[in-house]
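Here is the structure we will look at, set down as structure tokens.
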Amino acid sequence: MSNKVTLQPSGNEFQLKDGDNILDGALEHGVSFPYGCQNGFCGNCKAKVSGDFSYQDDYKPDVLTADEVADGVVICCKAEANSDLVVEVHEVAGADEIEVRTMPVKVSRIEKLADDVMRIFLKQPEEDTLQFLAGQYIEIIMEDESRRAFSIANAPHNDSEIELHIRMVEGGKFTPHVFKDMQEKEILRIEGPLGTFFLREDSDNDIVLVAGGTGFAPIKGMVEHAIELGLENKIFIYWGARDLQDLYLNSLAEEWAEQHENIRYIPVLSDASDEAAWDGRTGYVHEAVSADHPDMFNIDVYMAGPPVMVDSGKREFLLCNISPDNLHSDSFEIAGKSE
Ligand code: FES
Numbered sequence: 002m003s004n005k006v007t008l009q010p011s012g013n014e015f016q017l018k019d020g021d022n023i024l025d026g027a028l029e030h031g032v033s034f035p036y037g038c039q040n041g042f043c044g045n046c047k048a049k050v051s052g053d054f055s056y057q058d059d060y061k062p063d064v065l066t067a068d069e070v071a072d073g074v075v076i077c078c079k080a081e082a083n084s085d086l087v088v089e090v091h092e093v094a095g096a097d098e099i100e101v102r103t104m105p106v107k108v109s110r111i112e113k114l115a116d117d118v119m120r121i122f123l124k125q126p127e128e129d130t131l132q133f134l135a136g137q138y139i140e141i142i143m144e145d146e147s148r149r150a151f152s153i154a155n156a157p158h159n160d161s162e163i164e165l166h167i168r169m170v171e172g173g174k175f176t177p178h179v180f181k182d183m184q185e186k187e188i189l190r191i192e193g194p195l196g197t198f199f200l201r202e203d204s205d206n207d208i209v210l211v212a213g214g215t216g217f218a219p220i221k222g223m224v225e226h227a228i229e230l231g232l233e234n235k236i237f238i239y240w241g242a243r244d245l246q247d248l249y250l251n252s253l254a255e256e257w258a259e260q261h262e263n264i265r266y267i268p269v270l271s272d273a274s275d276e277a278a279w280d281g282r283t284g285y286v287h288e289a290v291s292a293d294h295p296d297m298f299n300i301d302v303y304m305a306g307p308p309v310m311v312d313s314g315k316r317e318f319l320l321c322n323i324s325p326d327n328l329h330s331d332s333f334e335i336a337g338k339s340e
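In this note's numbering, the protein residues as written are 2 to 340.
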């Protein structure tokens, strides 16, 4: 059994499964609903609700004032539907509407993706979940208060852990620790979400995603978010790297393209060690993009990677008639290069 939830004023709708609260349902369907703790404490998920609902057993009534209760305001992370519901909520449209917070996280998994790329998963405290948009980044705050920035590689609907892709930087301050001594259960302090590099999901344009190296991390978050939302825009994913082993999640990108008609995946190698064995595209990734899309007027481009790639891409795509408003970029200054 499920009940329909209609959000006002957007008119977005989703089905809410029995046993799920309104916030869970919204997040599962990729709706950018405002929230914080997901546990009934902070009040960030308050919204006016019409219809029949009941609170889960651990609901804490003192989060709402008597006036709010009289006005039909509900704590959405603790309310389940007993009928179809209409929820009045200001959906989060941009990064500036999400509170930036500092919180402790626990390293829950560490996985080597390539000789020089490690994937780590950070578990958030149960009572304090970080809200973010697909493509944004966090900073890890070290003991001396210096910071290292990494893009979030997962999508917001899948937020029990934060996934980061970390490239080894010899002599760096943080990444050698990740490769040599980091243990599961280690506690890190993070601040986020940060940045304006996020998927503009309301656009009808074709979407071109361009990743260089570990710039694949925020692109992965965007693709997973687009799939979750069921976006029907054509999506072209270009991933540029030196050699095949640098495409550290190549099979995942191939799977997306196999399983979704609207997604194409184009890996581009600039320095393939075995050229005879590589029958894919070669050269610089931004040149492959402009060769395939000589007129970019109705295209949204998202680029994440080293500054040289991002700068060359910007110059090239502006010559292809792209509107500067549709050109979004995240250079390694912030996209996961941190040492
Ligand atoms: S009360 Fe914090 S998200 Fe619901």
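Glycine included, every Cβ here is placed at the ideal spot set by N, Cα and C.
Closer than 8 Å to some heavy atom of ligand 1: that does not describe the Cβ of residue 131. A contact between stretches requires three or more CB pairs, one per stretch, nearer than 8 Å, and the region 211-228 fails this requirement with the region 139-149.
With distances taken between CA atoms, residue 202 lies nearest to 303 out of 6, 303, 53. Taking C-beta atoms as the reference points, residue 81 and residue 37 fail to come closer than 9 Å. In terms of Cβ geometry, residue 258 and residue 249 do not form a close pair [threshold 9 Å]. Among the bridge pairs identified by DSSP, residue 95 is matched with none.
Excluding sequence positions up to five before and after residue 208, its CB lies within less than 6 Å of the CB of 234, 236, 301, all in the same chain and listed in chain order. Between the alpha carbons of residue 43 and residue 104 lies a distance of about 15 Å. Put simply, the backbone Cα of residue 256 is about 10 Å away from that of residue 264. The continuous alpha helix (DSSP H) containing residue 225 extends over residues 217-230.
With respect to the C-alpha of residue 204, the residue from 306, 299, 170 having the closest C-alpha is 299. Between residue 119 and residue 213 a beta carbon distance of about 18 Å is seen, past the 8 Å cut, so the two are scored as non-contacting. Check the Cα spacing between residue 3 and each of 13, 17, 273, 9: the tightest is with 17. Beyond the five residues adjoining it in sequence on each side, residue 156 comes within less than 7 Å, by CB distance, of 135, 222, 225, 226, 229 in the same chain, given in chain order. Residue 166 has its alpha-carbon roughly 10 Å from the corresponding atom of residue 115.
Secondary structure at residue 298: coil, using DSSP grouped into helix, strand and coil.
The count of Cβ pairs closer than 8 Å, one atom from the region 7-22 and one from the region 65-74, stays below three, leaving the stretches out of contact. Assignment of residue 180 by DSSP, reduced to helix, strand and coil, places it in the helix class. Counting only runs of 3+ residues, the beta strand (DSSP E) found wholly inside the region 100-187 occupies 102-115, 118-124, 138-142, 148-152, 162-168, in chain order. Here residue 39 carries a coil assignment [DSSP, helix/strand/coil].
Rounded to whole angstroms, the gap between the alpha carbons of residue 199 and residue 277 is 38 Å. Around residue 7, the same chain offers 14, 87 as residues with beta carbons nearer than 6 Å, after the five sequence neighbours per side are excluded. Among the bridge pairs identified by DSSP, residue 304 is matched with 211, 330.
Looking at the backbone, the Cα of residue 287 and that of residue 251 are separated by about 18 Å. Secondary structure in the region 229-298: the beta strand (DSSP E) runs of 3 residues or longer, each lying completely within the stretch, are 236-242, 264-270 in chain order. Per DSSP, the continuous alpha helix (DSSP H) segment holding residue 24 begins and ends at 23-29.
In this chain, the alpha helix (DSSP H) harbouring residue 70 covers 67-71. Relative to the Cα of residue 131, the nearest Cα in the group 270, 160, 170, 296 belongs to 160.
Exclusion of the five residues before and after residue 327 leaves 301 as the residues of its chain whose Cβ lies within less than 6 Å of its Cβ. Here residue 27 has 34 as same chain residues with Cβ atoms under 6 Å from its own Cβ, once five neighbours each way along the sequence are excluded. At least one heavy atom of ligand 1 lies less than 8 Å from the C-beta of residue 64.
Taking the Cβ atoms as the reference, residue 72 lies roughly 7 Å from residue 49, within the contact range of under 8 Å. Remark: the C-beta of residue 42 is in contact range of ligand 1, defined as less than 8 Å to any heavy atom. Beta-bridge pairing by DSSP links residue 89 to 9, 49.
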